[in-house]
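Participant: In the numbering used here, the protein residues as written are 1198 to 1302. Each residue gets a CB set at the ideal place from its N, CA and C atoms; glycine is no exception. Everything numeric in this text was worked out from a predicted model, so none of it was measured. Quick one: the structure is below, questions incoming.
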């Protein structure tokens, strides 16, 4: 949800033209709650089910390494989590089945 394509993890296997298009698209995108919810759900999901965000953060970092934007990306996801928790009035983890079981395997 950081609107800078340079914060993306991985490599781009696209033409310069496509890269520039994506760079502008990301920089000018207007995110709504649906977009933020999709990002949050992605950060809460492991192949085995829902887990604590911190477990997912470690999982991704172990697979892709530490990127210059890693901490900023984590902070943004934690911000999104807090935003939704403020709206629903409880911890997001209270609504997701299997969080504890999947987090402590």
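Where residue 1263 and residue 1285 are concerned, what is the direct C-alpha to C-alpha distance, given to the nearest angstrom?
Facilitator: When rounded, the distance between both Cα atoms is 32 Å.
Participant: Am I right that residue 1269 and residue 1204 are in contact with their C-beta atoms under 8 Å? What's the rounded C-beta distance?
Facilitator: That pair is a contact at about 7 Å.
Participant: Count the other CB atoms within 10 Å of the CB of residue 1291; is the residue buried (16 or more) or exposed (fewer)?
Facilitator: By the neighbour-count rule (16 or more Cβ atoms within 10 Å), residue 1291 is not buried but exposed.
Participant: Flag this pair as touching only if the segment 1269-1282 and the segment 1227-1240 have three or more C-beta atom pairs under 8 Å; answer yes or no.
Facilitator: The segment 1269-1282 vs the segment 1227-1240: in contact.
Participant: For residue 1297, which three-state DSSP category applies?
Facilitator: Helix.
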